[in-house]
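Chemist: Numbering (the working numbering), first residue to last: 17 to 71. Think of the CB as a built atom: it goes at the ideal place given N, C-alpha and C, for glycine as much as any other residue. Please read through the structure below; I'll follow up with questions.
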């Protein structure tokens with residue numbers, strides 16, 4: 017929730033972490049995104065994929 021900016025590099029890291037974690041028996045969860053970050057993810061059509069608390 018303290019992250020106030022995210023660019024394509026940050027989104028890429030989040031997508032890779034979410035994608036590859038199950039292969040290692042892990043689970044990655046992102047929650048509490050700031051409104052700015054949530055809006056970027058919404059515009060990128062990744063909000064529901066990346067955020068556990070997407071509504």
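Taking the C-alpha atoms as reference points, what is the distance between residue 21 and residue 52?
Modeler: Computed Cα separation, rounded: 7 Å.
Chemist: Report yes if the CB atom of residue 19 is closer than 9 Å to the CB atom of residue 50, and no otherwise.
Modeler: Yes, these two residues count as a Cβ contact at 9 Å.
Chemist: For residue 67, which of helix, strand or coil comes out of DSSP?
Modeler: Residue 67: strand per DSSP, three-state reduction.
Chemist: Distance check for residue 63 and residue 24, CA to CA, integer angstroms please.
Modeler: When rounded, the distance between both Cα atoms is 14 Å.
Chemist: Can you name, in chain order, every residue of its own chain whose Cβ lies under 8 Å from the Cβ of residue 67, other than the five neighbours on each side?
Modeler: Answer for residue 67: 46, 47, 49, 54, 57, listed in chain order.
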